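> With our numbering applied, the sequence shown corresponds to residues 8 to 75, in that order.
Here it is, the structure, as structure tokens.
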Amino acid sequence: MQAFQRFPYPPSLPAEIPEDLLPKLSELRDEFGTDKDHLKHVTDHFVKELERGLTQEGGDIAMNEADT
């Protein structure tokens with residue numbers, strides 16, 4: 008099995024992209040990119056919401072326990 012490879016951050020752009028698109032692509036990367044700390048915060052919050060959905064009424068993410 009191949010080990011998980013981390014993606015570079017910020018992501019690099021392939022060499023075959025036309026030069027005139029590079030500024031716009033860099034702008035989009037900067038606009039929609041996030042840093043590791045913020046991503047960890049979002050992930051932790053999502054996990055807490057899933058746990059709430061399984062353990063109490065009124066959670067934002069409703070979870071139904073079911074046998075499969």
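C-beta: ideal position from N, C-alpha, C; glycine also.
These numbers come from a predicted model, not from an experiment.
Under three-state DSSP, which class holds Ser19?
In this structure, Ser19 counts as coil in the three-state DSSP scheme.
> Can you tell me which of the three DSSP states Lys31 falls into?
In the structure shown, Lys31 sits in a helix (DSSP, three-state: H, G or I).
> In whole angstroms, what is the alpha-carbon distance linking Asp27 and Phe39?
In a straight line, the C-alpha of Asp27 is about 20 Å away from that of Phe39.
> Where does Ile24 sit, in a helix, a strand or coil, going by DSSP?
The answer is coil: DSSP assigns Ile24 none of H, G, I, E or B.
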